[in-house]
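Same order as they appear, the protein sequences are chains D and L.
Under the working numbering, the first residue of the first sequence is numbered 2, with each subsequent residue one higher.
Under the working numbering, the first residue of the second sequence is numbered 6, with each subsequent residue one higher.
Data block below; observations after.
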Amino acid sequence: MKILSLNFLTCAVKACKSSSDSYPLHPKDAELVQDEIEVNAQLLVNLLPRLDWTALSTTATELGFPALPPQPPSAEDLQADDKTLRDLHNLLMETQIMEGKLVCGNCGHEYAVREGIANFLLPSHLV
Amino acid sequence: MEYLIRFSQLHETFRSAEIQAIAVIEGVDLRVISYSDESPFCVVRLPSEDAARAIMRRSVLAHAIYEHWGTADTYDELHPIIKRDTAHLWPQYVEPSFKMNIDAYQGSRSSSKKQLALINSFSYLPFKGPIRLSCPDQEFTIFEQWEFDAVPLNLPSPLKVHFGRLIACGVRDLIHTFDLKKRDYISTTSMDSELALVTANIALAAPGKIFYDPFVGTGSFPIACAHFGALGLGSDIDGRSVRGDGGKKSLRGNFQQYGLEKLLGDVFVCDLTNSPVRRARILDGIVCDPPYGVREGLKVLGCKDPESTPWVVEKGRKMYRDPAFVAPKKPYSFMAMLDDILNFATDTLVDNGRISFWMPTANDEEQEIGVPTHPCLAIVVVCTQVFNKWSRRLITYRRLPDAEVDLSALAQQKKMKHEAQTNGINADDLNPFRRHYFRGFKSEQDLTDDAATDKILNTT
Chain D
2 MKILSLNFLT
12 CAVKACKSSS
22 DSYPLHPKDA
32 ELVQDEIEVN
42 AQLLVNLLPR
52 LDWTALSTTA
62 TELGFPALPP
72 QPPSAEDLQA
82 DDKTLRDLHN
92 LLMETQIMEG
102 KLVCGNCGHE
112 YAVREGIANF
122 LLPSHLV
Chain L
6 MEYLIRFSQL
16 HETFRSAEIQ
26 AIAVIEGVDL
36 RVISYSDESP
46 FCVVRLPSED
56 AARAIMRRSV
66 LAHAIYEHWG
76 TADTYDELHP
86 IIKRDTAHLW
96 PQYVEPSFKM
106 NIDAYQGSRS
116 SSKKQLALIN
126 SFSYLPFKGP
136 IRLSCPDQEF
146 TIFEQWEFDA
156 VPLNLPSPLK
166 VHFGRLIACG
176 VRDLIHTFDL
186 KKRDYISTTS
196 MDSELALVTA
206 NIALAAPGKI
216 FYDPFVGTGS
226 FPIACAHFGA
236 LGLGSDIDGR
246 SVRGDGGKKS
256 LRGNFQQYGL
266 EKLLGDVFVC
276 DLTNSPVRRA
286 RILDGIVCDP
296 PYGVREGLKV
306 LGCKDPESTP
316 WVVEKGRKMY
326 RDPAFVAPKK
336 PYSFMAMLDD
346 ILNFATDTLV
356 DNGRISFWMP
366 TANDEEQEIG
376 VPTHPCLAIV
386 VVCTQVFNKW
396 SRRLITYRRL
406 PDAEVDLSAL
416 AQQKKMKHEA
426 QTNGINADDL
436 NPFRRHYFRG
446 FKSEQDLTDD
456 AATDKILNTT
């Protein structure tokens with residue numbers, strides 16, 4: 002599971018949707034791997050306005066990455082500064098949670114990640 | 006300038022939808038001058054030869070595009086048209102090497118003598134360059150459109166003739182590149198490569214975009230989207246279909262097979278009715294082929310009958326952290342799911358982002374299922390693939406910017422819930438298409454008649 006996806010996903014429990022604590026999900030016992038993927042600048046520029054930067058900062062800190070700047074870079078910054086682009090690419094696209102759990106800050110439900118695939122299926126009492 | 010597109014005569018209703026979508030992606034102004042589902046020839050107006058090339062770089066349903074030099078009912082009419090309209094183009098083609106082709110649709114020009122005579126009837130064109138049958142600088146094609154069955158009927162002449170200069174070929178090779186027979190990992194409901202690519206085209210998959218398939222299965226759609234440069238995300242309620250046997254025999258393995266792994270966003274296991282996807286306008290496109298209960302069961306999370314089987318719910322409460330726990334699922338209504346898909350698309354697509362999904366329907370008018378609608382989504386195009394007693398449609402919508410949404414219709418839509426349809430218990434009650442399918446699309450009257458016949462037979 003990429004860090005990018007973590008920014009797009011929240012707790013699957015309907016009652017948690019309205020709570021701000023349910024997003025982002027918190028990685029627990031996460032085993033990270035780094036893939037090597039070509040930098041796709043066009044994609045990153047396109048993604049930028051759709052990212053929740055505060056949530057991304059939280060996730061980055063929780064996974065032990067250096068703190069992100071308080072404000073997201075602009076599209077121009079990304080295109081002008083190769084390092085910013087590479088760092089963001091590394092965090093969003095190359096970092097994967099292979100094993101571990103994702104925990105909702107509101108209801109405490111734990112979603113398992115196995116072999117890089119997260120399972121968001123809920124038991125009947127939470128549907 | 007006018008250009009002549011030579012389509013393949015298959016998936017007819019998808020063809021103009023595809024080239025129009027590609028024109029949108031490439032930012033090209035395309036106007037269709039003449040098109041018919043019965044003919045593989047289509048005349049369009051495009052601003053330049055480069056625009057024509059751009060369209061062909063992505064078109065799966067077009068064989069090639071030609072500079073249109075003339076169309077007429079007979080050769081006697083065609084020659085004067087070519088002389089009148091294209092004489093100013095001739096000087097450029099005096100020197101280069103060239104080749105003439107004959108393309109007789111539904112007809113045949115099998116005798117080489119006749120072929121040569123036909124080509125020689127164009128000898129007024131001042132082409133002095135060498136004739137090269139392989140890799141010529143320029144290729145010209147004489148197109149004939151014959152009536153159906155022209156060869157056995159021994160008809161004397163075609164219905165229509167066209168003449169054009171080849172500009173570029175489409176990418177029909179991709180159908181073979183992505184052929185399911187050569188794919189390492191497929192399942193019973195994998196979408197064939199041609200239609201998956203066409204779907205990706207119509208949904209406007211392009212570099213830098215994010216596409217999502219909520220019923221990803223073995224990944225046919227995200228692979229097609231990734232081929233066109235989009236990042237493919239997917240999810241499925243059945244984790245086994247995504248994981249496969251691991252290695253080559255998995256969804257990721259399929260991406261690796263085509264060298265598209267860099268455009269595999271992520272796959273996760275979830276149910277559309279309890280989706281973890283954040284409700285924000287983050288997706289450029291959604292493409293999917295939802296299960297409709299015939300080959301693949303239509304299920305969502307939940308306990309089918311919690312009152313008589315309370316232990317199922319109780320077990321979930323205790324066991325859900327266990328890695329071996331399998332979340333219970335229950336049958337679901339097809340119509341309710343279509344509504345869920347449209348609501349999901351409304352919440353997650355960017356302005357003008359598209360959702361394309363496949364939906365089956367009976368061909369019989371009484372059993373036909375209408376095209377679902379949503380006030381926030383405008384229907385772009387409906388394409389149909391017809392089978393014997395049923396068809397499947399590819400329906401494409403565009404997310405309207407909020408300013409264009411009819412607010413009163415939206416309020417009305419929110420009030421109307423398909424409660425009646427979600428109340429059934431078994432798959433047949435919930436899903437009219439499934440019911441009709443397994444009854445062979447017979448009407449209620451036929452079924453009563455059949456029952457009566459059976460009764461008589463049994464009693465005698």
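By construction, the Cβ of each residue, glycine as well, lies at the ideal position given by its N, Cα and C atoms.
query	result
Would you mind telling me which residues of chain D sit closer than 7 Å to Cys308/L, beta carbon to beta carbon, in chain order?	Ser125
Of all the CB atoms in chain L, is at least one closer than 7 Å to the CB of Gln35/D?	no
Examine chain L for any beta-carbon lying closer than 7 Å to the beta-carbon of Ala61/D, and answer yes or no.	no
Closer than 9 Å by beta-carbon distance: list the chain L residues that pair up with Arg51/D, in chain order.	Ile215, Ala285, Arg286, Ile287, Leu288 and Val355
In whole angstroms, what is the alpha-carbon distance linking Ala77/L and His84/L?	9 Å
Find out if the Cβ-Cβ distance for the pair Pro437/L, Arg397/L is shorter than 7 Å.	no
Does the beta-carbon of Glu17/L have 16 or more other beta-carbons within 10 angstroms, so that it is buried, or is it exposed?	buried
Could you please give the first and the last residue of the uninterrupted alpha helix (DSSP H) stretch that includes Phe103/L?	Segment Phe103 to Tyr110 is the beta strand (DSSP E) holding Phe103/L; no alpha helix (DSSP H) there.
Determine the DSSP secondary structure at Gln426/L, reduced to helix, strand or coil.	In this prediction, Gln426/L scores a pLDDT of 48, lower than 50, which makes its location untrustworthy; no coordinate-derived value is stated.
Reducing DSSP to helix, strand and coil, say where Gln72/D ends up.	coil
Smallest Cα separation from Lys88/L: which of Glu100/L, Val99/L, Gly75/L and Thr79/L?	Gly75/L
With 16 other CB atoms within 10 Å as the buried threshold, where does Glu149/L fall?	buried
Using only the alpha-carbon positions, how far apart do Leu103/D and His27/D sit?	5 Å
Within the present structure, is the beta-carbon of Tyr112/D separated from the nearest heavy atom of the ligand GTP by less than 6 Å?	Questions concerning the ligand GTP fall outside what the structure shown contains, since it holds no ligand whatsoever.
Check the Cβ-Cβ distances between Met2/D and every residue of chain L, and say whether any is below 7 Å.	yes
Would you report the Cα separation of Arg20/L and Asp154/L, rounded to the nearest angstrom?	23 Å
Assign Thr18/L to one of three DSSP states: helix, strand, or coil.	helix
Using a 10 Å radius around the Cβ and a threshold of 16 neighbouring Cβ atoms, would you call Ala113/D buried or exposed?	buried
By the criterion of Cβ-Cβ separation under 8 Å, what are the contact partners of Ala76/D in chain L?	Those within 8 Å of Ala76/D in chain L number zero; the least Cβ separation is about 12 Å.
Could you tell me the distance, in whole angstroms, from the CA atom of Val305/L to the CA atom of Pro336/L?	6 Å
Could you tell me the alpha carbon to alpha carbon distance between Gln14/L and Leu86/D, rounded to whole angstroms?	46 Å
Taking a contact to mean a Cβ-Cβ separation below 7 Å, would you say Val46/D touches Ala76/D in this structure?	yes
Determine the extent of the alpha helix (DSSP H) in which Asn125/L is found, giving its start and end residues.	Ser117 to Asn125
State the start and end residues of the unbroken alpha helix (DSSP H) segment that holds Ala155/L.	Ala155 to Leu158
Comparing alpha-carbon positions, which option in Gly358/L, Ala67/L and Pro227/L lies nearest Ser44/L?	Ala67/L
For chain L, check one thing: does any of its Cβ atoms lie closer than 7 Å to the Cβ of Cys17/D?	no
Pick out whichever of Lys394/L, Asp356/L, Leu382/L and Asp352/L has its Cα sitting closest to the Cα of Glu370/L.	Lys394/L
Could you confirm whether any beta carbon from chain D is found closer than 7 Å to the beta carbon of Asp34/L?	no
Name, please, each residue of chain D whose Cβ falls closer than 9 Å to the Cβ of Arg62/L.	What Arg62/L touches in chain D: nothing, since even the nearest Cβ is about 17 Å away.
What did DSSP end up calling Pro315/L once you bin it into helix, strand or coil?	helix
Of all the residues that make up the region 76 to 101 of chain D, which are near chain L by a beta-carbon distance shorter than 7 Å?	none
Short of 6 Å in beta carbon distance, which residues of its chain neighbour Asp108/L, apart from the five on each side in sequence? Order them along the chain.	Thr146 and Phe148
Any idea if Val376/L is buried or exposed, counting beta-carbon neighbours within 10 angstroms, 16 or more meaning buried?	exposed
According to the neighbour-count rule (16 or more other Cβ atoms, all chains shown, within 10 Å of its Cβ), is Tyr129/L buried or exposed?	exposed
With 16 as the cutoff for other CB atoms within 10 Å, does Leu48/D come out buried or exposed?	buried
Would you mind working out which of Lys15/D, Thr11/D, Pro67/D and Ile4/D sits nearest Pro124/D, comparing C-alpha positions?	Lys15/D
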